[in-house]
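Chemist: Residue numbers (this note's numbering): 1 to 352.
The structure under discussion is supplied below as C-alpha cells; questions concerning it will follow.
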Amino acid sequence: MSVVDLRSDTVTLPTDDMRQAMAKAEVGDDVSGEDPTVNKLEEMAASLMGKEAALFVTSGTQGNLLGVLANCQSGDEIIVGANSHIFWNESAGVSALGGIQMHLVPNQIQGSLSPADVEQAIRPTGNPHFPPTKLICLENTQNRSNGGVLTVDETASIWNLGHEYGIPIHIDGARIFNAAVYLETPVEELVKGADTVTFCLSKGLSAPVGSLLCGTADFIDNARRWRKMVGGGMRQAGVIAAAGIVALESMITRLAEDHSNARRLSEGLAQIHGIQHDPGVVQTNIIFADIAPELGSMTEFVERLGRENVKVHYVYGRIRMVTHRHIGSEEIDLVLSATARVIEDMRSNRIG
Ligand code: TLP
C-alpha cells in the first residue's frame, strides 16, 4: 500500500518536465556568472518580485541567512515574529554566523505582526545599552501560524513603519506564491514595499532544490559574497535551476488545488471527535491539529497513523499536515478514515 506523506510540501518530487529540462540545461560556471540557465532563473525571479536582481541559493534557510547577513553587522538586532521560521528552524544561523540578536514580537493568529508591537521593539538610537535595530523580518505564508496569509495591507503597515524608521524589511516568502494564489493578488504586490525577499522553489512548486533571494543590484552583489563565504557558490547549477524555471512557469496556479484539498481535510478533521482543530484558521496548505489529551499523546497518534501508512509531522508541540501535488481527494479520504480509526483505537485503549 502506498504511503500518504503529509509531513511537508518539501517532499514533492520533480515533474517529468523538470527532469527533461534538467537533462537539456545549458550550463556554465555560475560562480563566474557564466551559467545561462541560472542567469535566466535569476532574471525571472527578480522580474516576478519586481526587484532589480536575484540570487539562486541552495535553500530557504540560506536565502534568509544571506538576507540577514547582507543587511546587518555583528552586534545588530533584527525583529522577527515569535513564530518565525528564522527563529525556530534555522539553527540560529543569524546569531551563530552573523553575531546578530533576534528580538521576538508576537505573531497574530494568522501570522501578521502588529505595527504597535513592532514599533515598541525598535530600539531607540543613541543609547549605548541597545543594539541597533537593522532589519524587520516578515514571513508569508506564516508556517507556524497555521500557514496564514499576510495581506497587502498587513504587510504595508510594517513596511511603512520600517521606512519611517529607516529600517529595511525582509520577507521570508518560502511560500509567498501560496499567499498570492490565496489572495488572487500578483506576488509583486505582496512584496513591493519589502527591500529583500526569499522564496522557495522546492516546496509546493515541486522543484528538487533551490530558493531565490531578491533585492537591489547592490544588495545582491553583497549577498553573493556572503553566499560564497558560507559555501553556497555552486558551479554548473543550471542543472537544478532548469527545474526552477519550469516551477515558475507552470507550478504556481496549481497551488490552489493544494489549498482546496487542505480545506477538505481540515473540515473532515474537525468532524472527528477527539481531534481538536479549527477549520476557520486554514487558508493555504498547512493544517495544525491537536489530539484530545485524554486519548493519549500526540507522538502516539503520529506513530499509530504511520502504521496506517499516513505520515504527518509532530512539530512545535502540535500535529502538522501539509497538502501538496501528491495529495489528491483520494488521499484526503484515506487520511480522514485512517485518522478516525486511530482515534477510535486510542479511545478504546483508554477506556478498555
Ligand atoms: N520549512 C520546513 C521545515 O524547516 C519546518 C517545512 O517543512 O515547512 N521559511 C519557511 C517559512 C519554511 O517553512 C522553510 C522550510 C524555510 C524557510 C527553509 O527552507 P529550506 O528547507 O529550503 O531551508
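Where a beta carbon is used, it is the ideal one built from N, C-alpha and C, also for glycine.
Nothing here was measured: the structure is a model prediction, and the numbers come from that model.
Only counting runs of 3 or more residues, tell me where the beta strand (DSSP E) segments fall wholly within the stretch 262–338, in order along the chain.
Modeler: Runs of the beta strand (DSSP E) inside the stretch 262–338: 286–291, 313–315, 318–322.
Chemist: Spell out the partners DSSP gives Gly173 in its beta bridges.
Modeler: Start at 1 with the first residue of the sequence shown, and residue 173 comes out as number 173. Partner(s): Phe199.
Chemist: Could you give the C-beta distance for Asn285 and His324, rounded to a whole number, given that I count them as a contact under 8 angstroms?
Modeler: Here residue 285 refers to the residue found at position 285 of the sequence shown. Here residue 324 refers to the residue found at position 324 of the sequence shown. So it is a contact: roughly 7 angstroms between Cβ atoms.
Chemist: Are there 16 or more other CB atoms within 10 angstroms of the CB of Val3, so buried, or fewer, so exposed?
Modeler: Walking along the sequence shown from the start, residue 3 turns up at place 3. Exposed, since its Cβ has fewer than 16 Cβ neighbours within 10 Å.
Chemist: Could you have a look at Glu440 and say whether DSSP puts it in helix, strand or coil?
Modeler: This structure cannot settle anything about residue 440, because the visible part of the chain is limited to 1 through 352.
Chemist: Please confirm if the stretch 264–282 is in contact with the stretch 329–340, defined as three or more CB-CB distances below 8 angstroms between the two stretches.
Modeler: Taking 8 angstroms as the limit for Cβ pairs, the verdict is that the stretch 329–340 does touch the stretch 264–282.
Chemist: Would you kindly report the start and end of the unbroken alpha helix (DSSP H) that includes Glu188?
Modeler: In the sequence shown, counting from the first residue as 1, residue 188 sits at position 188. Taken as a continuous stretch (DSSP letters only), the alpha helix (DSSP H) holding Glu188 covers 187–191.
Chemist: Got a sec, what are the start and stop residues for the alpha helix (DSSP H) Val38 sits in?
Modeler: Here residue 38 refers to the residue found at position 38 when the sequence shown is read from its first residue. Element bounds for Val38: 36–49.
Chemist: Have a look at Trp159 and Ala340 and give me their C-alpha separation to the nearest angstrom.
Modeler: For the purposes of this step, residue 159 is taken as the residue at position 159 of the sequence shown. For the purposes of this step, residue 340 is taken as the residue at position 340 of the sequence shown. Each residue's Cα considered, the two are about 44 angstroms apart.
Chemist: Taking Asp17 as the reference, give the member of Gly280, Asn309, Gly244 with the closest Cα.
Modeler: Numbered from its first residue, the sequence shown carries residue 17 at position 17. Comparing Cα positions, the closest option is Gly244.
Chemist: Using the rule of at least 16 other Cβ atoms within 10 Å of the residue's Cβ for burial, across every protein chain shown, is Ala241 buried or exposed?
Modeler: To locate residue 241, count along the sequence shown from 1; it is residue 241. Its Cβ being crowded by 16 or more others within 10 Å, Ala241 is buried.
Chemist: Taking its Cβ as the centre, do 16 or more other Cβ atoms sit within 10 Å of Met229, making it buried, or is it exposed?
Modeler: Position 229 of the sequence shown, counted from the first residue, corresponds to residue 229. When all chains shown are included, Met229 counts as exposed.
Chemist: Nearer than 7 angstroms: is that true of the beta carbon of His259 relative to any heavy atom of the ligand TLP?
Modeler: Your numbering for residue 259 matches position 259 in the sequence shown. Checking the Cβ of His259 against the ligand TLP gives no.
Chemist: Express the C-alpha separation of Arg123 and Leu135 in angstroms, rounding to a whole number.
Modeler: The residue labelled residue 135 in the question sits at position 135 within the sequence shown. The residue labelled residue 123 in the question sits at position 123 within the sequence shown. Their Cα atoms are separated by approximately 11 angstroms.
Chemist: Which one of Phe199, Asn178, Gly210, Asp153 has the shortest CA to CA distance from Gly193?
Modeler: Position 193 of the sequence shown, counting from 1, holds the residue named residue 193. For the residues Phe199, Asn178, Gly210, Asp153, the minimum Cα distance to Gly193 belongs to Asp153.
Chemist: When the Cα of Ala45 is compared with those of Leu212, Arg304, Gln236, which residue comes out closest?
Modeler: Within the sequence shown, numbered from 1, the residue matching residue 45 stands at position 45. Cα-wise, what sits closest to Ala45 is Leu212.
Chemist: Within 10 angstroms of its Cβ, does Gly126 collect 16 or more other Cβ (buried), or is it exposed?
Modeler: By one-based count along the sequence shown, residue 126 stands at place 126. By the neighbour-count rule (16 or more Cβ atoms within 10 Å), Gly126 is not buried but exposed.
Chemist: Using a 10 Å radius around the Cβ and a threshold of 16 neighbouring Cβ atoms, would you call Pro14 buried or exposed?
Modeler: What you label residue 14 is simply residue 14 of the sequence shown in a count that begins at 1. By the 10 Å Cβ count, Pro14 comes out buried.
Chemist: Taking the alpha helix (DSSP H) that Phe219 belongs to, which residues open and close that run?
Modeler: As a first step, residue 219 is located in the sequence shown; it is residue number 219 there, counting from the start. Start and end: 217–229.
Chemist: Give the single residue among Val31, Gly99, Phe177, Val80 whose Cα lies nearest to the Cα of Ile167.
Modeler: Residue mapping note: residue 167 aligns to position 167 of the sequence shown, counting from 1. Comparing Cα positions, the closest option is Val80.
Chemist: Report the three-state DSSP secondary structure of Gly148 (helix, strand or coil).
Modeler: Locating residue 148 in the sequence shown gives position 148, where the first residue counts as 1. Reduced to three states, the DSSP call for Gly148 is strand.
Chemist: Nearest-angstrom Cα distance between His277 and Phe288?
Modeler: Counted from its first residue, the sequence shown places residue 277 at position 277. Counted from its first residue, the sequence shown places residue 288 at position 288. Whole-angstrom Cα-Cα distance: 7 angstroms.
Chemist: Specify, as a first and last residue, the run of the beta strand (DSSP E) that Phe130 falls within.
Modeler: For the purposes of this step, residue 130 is identified with residue 130 of the sequence shown, where counting begins at 1. Element bounds for Phe130: n/a, residue is neither H nor E.
Chemist: Put Glu344 into one of helix, strand or coil per three-state DSSP.
Modeler: For the purposes of this step, residue 344 is taken as residue 344 along the sequence shown, with counting starting at 1. If DSSP states are grouped into helix, strand and coil, Glu344 belongs with the helices.
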